[in-house]
Amino acid sequence: PQLADLIRLAMYSGARREELCALKVVNVASDRFAIAEAKTAAGVRVVPVHAELQETMARLAASSTDGYALSGLAENRNGDRGDALGKRFTRLKQALGFDGSRVFHSIRGTVITMLERAGVPEGTVQDLVGHERSTLTGSTYSGKSTFDMRRDALVKLAYSATG
C-alpha cells in the first residue's frame with residue numbers, strides 16, 4: 125500500500141521520491157502540499173494537490189503515526205526515508221518485466237513530458253517539479269508561476285489504460 129501511495133503521489137505531482145517520503149503532515153493541506161526540504165533551492169515549493177490525490181492525501185495525513193505523510197518509513201544511513209520503497213519499486217518493475225531503463229525517477233520524466241505535450245509553459249513545469257529556471261529571461265526577469273497556474277497545469281495530467 126505504501127508503494128502504491130508513493131507511485132500515485134509521484135504520478136500526479138512530479139515530485140522526487142525522497143521529497144514525497146520526507147513530506148511532513150504539517151506541510152499538507154486539502155489543496156496543496158509544501159516541499160520544505162529539497163536538493164536545490166528551486167525544489168522548495170508549493171505543489172497543488174491534484175483532484176486524483178485529494179482522498180489519498182487526506183487519508184495519509186489522518187493516519188500518520190509519526191508526522192510524515194508516508195508514515196513508518198525508516199531512514200537509511202544517509203538519512204533518506206525512501207530507500208526501502210525505492211527497492212520495492214525495483215522488485216515490482218522487474219516482476220512486471222521492465223528492465224533497468226525504467227526507474228522510479230522515470231515517473232517524474234513522464235509527468236514533465238505530459239505537461240509539455242499539454243502545452244503547459246516551460247516555466248510553470250519547472251516551478252511545479254522544482255527545477256531551476258533554465259533561461260536568462262525565466263531566471264532573471266520572470267516571476268514564478270502562481271499557485272493557480274500550477275493547479276491548472278496539473279489538471280492536465282490524466283492517465284488511461286489505453287495510453
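Here the sequence shown stands for residues 125 to 287, numbered as in our numbering. For glycine and all other residues, C-beta sits at the position ideal for the given N, C-alpha and C.
By the Cβ neighbour-count rule, Leu278 is buried, with 16 or more other Cβ atoms within 10 Å of its own. Cβ-Cβ separation between Lys280 and Leu239: approximately 6 Å, consistent with a contact (criterion under 8 Å). Taking a cut-off of 8 Å on C-beta distances, the segment 138–150 touches the segment 203–212, as three or more cross pairs fall below it. In the DSSP annotation of this structure, the continuous segment of the alpha helix (DSSP H) that includes Arg212 starts and ends at 207–219. Here the C-alpha atom of His255 lies approximately 23 Å from the C-alpha atom of Ala175. Judged by DSSP in its simplified three-state form, Val279 adopts helix.
If you look at Ala182, you'll find it isn't in any beta strand (DSSP E); it sits in the alpha helix (DSSP H) that goes 178–187. Under the three-state reduction of DSSP, Phe271 is assigned to helix. With a cutoff of 8 Å on beta-carbon distance, Ser137 and Val170 are scored as not near each other. A buried status is given to Leu252, since no fewer than 16 other beta-carbon atoms sit within 10 Å of its beta-carbon.
The C-beta separation of Ser269 from Gly247 comes to about 6 Å, placing the pair in contact by the 8 Å criterion. Within the same chain, Leu209, Arg212, Phe213, Leu216 come within 8 Å of Leu127 by CB-CB distance, once the 5 residues on both sides are set aside. For Arg141, the enclosing alpha helix (DSSP H) begins and ends at 141–145.
Cβ atoms of Ser154 and Gln178 come within 8 Å of each other, at about 7 Å.
Beta-carbon to beta-carbon, Val152 and Ala193 are separated by about 6 Å, close enough to satisfy the 8 Å threshold. About 7 Å separates the beta carbon of Ile231 from that of Ile131, a gap short enough to meet the 8 Å contact definition. The distance from the Cβ of Val235 to that of Met135 is about 7 Å, consistent with a contact at the 8 Å cut-off.
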